[in-house]
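Visitor: Below: one structure in structure tokens.
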Amino acid sequence: MSLHDHHCVNALNATARERILIMDGAMGTMIQGLGLGEDDYTGHGTGTPCAHATDLPQKGNNDLLTLTQPQAIEQIHYDFAIAGADIVETNTFSSTAIAQADYGLEAAVHDLNVEAARVARRALDRATAQDGKPRYVAGAVGPTNRTASLSPDVSDPGYRAVTFDGLRLAYRDQIRGLIIGGADLILIETIFDTLNAKAAIFAAIEACQAQGIRLPIMISGTITDASGRTLSGQTPTAFWHSVAHARPFSVGLNCALGAGAMRPHMAELAGVVDTLTCAYPNAGLPNAFGQYDEGPEETAEQLAGFAQEGLLNVVGGCCGTTPEHIRAIAEAVAPFAPRQLEKEQAA
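Using the numbering used here, read the sequence shown as starting at 11 and increasing by one per residue.
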């Protein structure tokens, strides 16, 4: 079966040549600010009761709120869109059967992903109706809480808690739901294990083929410490070589670090990748209470430095970043041209 490109591809590529694209900020921080309890998560207080039976507590299962508190999630997406985001991520970071097993909600995976894409689309359509700016839904695919490259048991280094095929099938179910729900892109994010990412890439290709459409894929790794490596031991350059075969729309880094600590690693990536670069750091590093203290102006000023150096094509925020952060980031990077690809420079 021949695949056709998603209708957003040409528009996205054209905009990316003109300016730095803006992504949204953190969903988790915004949800924490709502102060929701167990009954809110299950929808048995206010909201829509969860249609999938489970005896396990759900507080903290942020993805479930797509089904039980859709208006709240839609409002968060809308607030980020109006703040300046071109690309908004679905509330699906943990919407795989592997991650939802912690909550006994493996059976909800299809609904979680389909509805998350639809809720995001509604929010973006509302924002576009207001200001006329096109916006895009990125189906967010998180790393799961298992790793295919490393053993969770120090005494048994050959043991694995998950297989490549187990990951592939879980990701395929997730991505199928995101495509059916209307996602414009697939974002494989916060990658700490490249083998997990390769399973997600394989799954994205399979899911797209099954639906007869080719969606752009964004790939975002995470550097977990001062060594400048992912948890599974790769430098940014090695990470790129591991995923370049997917011909992604963008490659970059998110989470784990604030902008300041991320800068050298983004500079390394920008020097080697032949596609768009993407950075969405945390609002600094968490304090002793796990809170993020870096204000919008401080984050924006650092990311303007990235833009001035020509490191950025796509930029946004991860943990701790609010619509105010995204508004400040969008304004701060606006004066700077997007990073040029070598093939454009040669043209």
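Even for Gly, the Cβ is constructed at its ideal location relative to N, Cα and C.
Are there 16 or more other CB atoms within 10 angstroms of the CB of Tyr169, so buried, or fewer, so exposed?
Guide: Answer is exposed; the Cβ neighbour count stays below 16.
Visitor: According to DSSP, is Pro306 part of a helix, a strand, or is it coil?
Guide: Note: Pro306 maps to helix in three-state DSSP.
Visitor: For Ser252, report the span of its alpha helix (DSSP H) as first-last.
Guide: Where Ser252 is concerned, the enclosing alpha helix (DSSP H) stretches over Pro246 to Val253.
Visitor: Which one of Asn292, Ala207 and Ala36 has the shortest CA to CA distance from Asp89?
Guide: The residue with the shortest Cα to Cα distance from Asp89 is Ala36.
Visitor: DSSP state of Arg132, grouped into three classes?
Guide: Helix.
Visitor: Using a Cβ-Cβ cut-off of 7 angstroms (strictly less than) and excluding sequence neighbours within five positions of Val147, which residues of its own chain qualify?
Guide: Correct list, in chain order: Val98, Thr100, Ala127, Ala130, Arg131, Leu134, Gly192, Ala193 and Asp194.
Visitor: Just list the alpha helix (DSSP H) runs in the region 260-318, keeping only unbroken ones of 4 residues or longer that don't cross its boundaries, in chain order.
Guide: For the region 260-318, whole alpha helix (DSSP H) runs of length 4 or above, ordered along the chain, are 269-282 and 306-318.
Visitor: Kindly list the residues whose CB is nearer than 7 angstroms to the CB of Thr138, restricted to its own chain and excluding five residues on each side of it in sequence; keep chain order.
Guide: Here the set comprises Pro144 and Arg145.
Visitor: Rounded to whole angstroms, what's the CA-CA distance from Ile227 to Val282? Just pull it up for me.
Guide: Near 18 angstroms, if we compare the C-alpha coordinates of Val282 and Ile227.
Visitor: What does the alpha-carbon distance come out to for the pair Val343 and Gln318?
Guide: Going from the Cα of Val343 to the Cα of Gln318 covers about 8 angstroms.
Visitor: Could you tell me which uninterrupted alpha helix (DSSP H) segments, each at least 4 residues in length, are contained entirely in the region 38-84, listed from first to last along the chain?
Guide: Correct list: 48-52 and 75-78.
Visitor: Using 8 angstroms for Cβ pairs, my map puts Phe212 next to Ser242. What's the rounded Cβ distance?
Guide: Not quite, the Cβ-Cβ distance comes to about 17 angstroms (not below 8 angstroms), so this is no contact.
Visitor: Please go through the same chain and pick out, in chain order, the residues whose beta-carbon is closer than 6 angstroms to the beta-carbon of Thr39, but skip the five residues on each side of it.
Guide: Taken in chain order, the residues that qualify are Gly330.
Visitor: Are the Cβ atoms of Val119 and Ala107 separated by less than 8 angstroms?
Guide: Contact flag set, yes.
Visitor: Helix, strand or coil: how does DSSP classify Val119 here?
Guide: Helix at Val119.
Visitor: Identify whether Thr200 lies in helix, strand or coil by the three-state DSSP scheme.
Guide: DSSP places Thr200 in strand when its eight states are reduced to three.
Visitor: Assign Asp34 to one of three DSSP states: helix, strand, or coil.
Guide: Three-state result, Asp34: coil.
Visitor: Ignoring anything shorter than 3 residues, give me the beta strand (DSSP E) runs that lie fully in the region 181-226, in order along the chain.
Guide: Runs found: 195-201.
Visitor: Quick one: using the 10 Å Cβ neighbour count with 16 as the cut-off for buried, is Arg257 buried or exposed?
Guide: Classification of Arg257: exposed, given that the 10 Å Cβ count is below 16.
Visitor: Bridge partners for Asp15 per DSSP, in chain order?
Guide: Beta-bridge pairing links Asp15 to Arg224.
Visitor: Note down, in chain order, each residue of its chain lying with its Cβ closer than 7 angstroms to the Cβ of Cys265, except the 5 sequence neighbours on either side.
Guide: Within the same chain, Cys265 has close Cβ partners Thr200, Thr232, Asn292, Cys328 and Cys329.
Visitor: Taking C-alpha atoms, which residue in Glu334, Ala314, Ala338 and Gly326 lies nearest to Ala347?
Guide: Per the Cα distances, Ala314.
Visitor: Give the secondary structure of Val98 by DSSP, where H, G and I count as helix, E and B as strand, and everything else as coil.
Guide: In this structure, Val98 counts as strand in the three-state DSSP scheme.
Visitor: According to DSSP, what are the bridge partners of Ala148?
Guide: Answer by DSSP bridge pairing, in chain order: Glu99 and Leu195.
Visitor: Quick one: what's got a C-beta closer than 6 angstroms to Pro333's C-beta in the same chain, skipping five residues either side?
Guide: Around Pro333: Asp89, Phe90 and Ala93.
Visitor: Can you give me the C-alpha to C-alpha distance between His255 and Thr64, rounded to a whole angstrom?
Guide: Their backbone Cα atoms lie some 40 angstroms apart in a straight line.
Visitor: By DSSP's criteria, Ile229 is part of a beta bridge. Which residues make up the other side?
Guide: DSSP, once it has assigned bridges, lists Ile198 and Val261 as partnering Ile229.
Visitor: Can you say whether Leu66 is buried or exposed, counting buried as having 16 or more other CB atoms within 10 angstroms of its CB?
Guide: With fewer than 16 Cβ atoms within 10 Å of its Cβ, Leu66 is classed as exposed.
Visitor: Short of 6 angstroms in beta carbon distance, which residues of its chain neighbour Leu75, apart from the five on each side in sequence? Order them along the chain.
Guide: Taken in chain order, the residues that qualify are Ile83.
Visitor: Below 8 angstroms between beta carbons: does that hold for Ile185 and Ala217?
Guide: Yes.
Visitor: Along the chain, where does the alpha helix (DSSP H) containing Val343 start, and where does it finish?
Guide: Unbroken alpha helix (DSSP H) run through Val343: Pro333 to Val343.
Visitor: Measuring CB to CB, does Gly262 end up less than 8 angstroms from Glu304?
Guide: For Gly262 and Glu304, no; Cβs fall outside 8 angstroms.
Visitor: Locate the alpha helix (DSSP H) running through Ala109, then write down its first and last residues.
Guide: Looking at the DSSP string, the run of the alpha helix (DSSP H) that includes Ala109 is Ala107 to Gln110.
Visitor: Report the three-state DSSP secondary structure of Arg349 (helix, strand or coil).
Guide: Arg349: coil per DSSP, three-state reduction.
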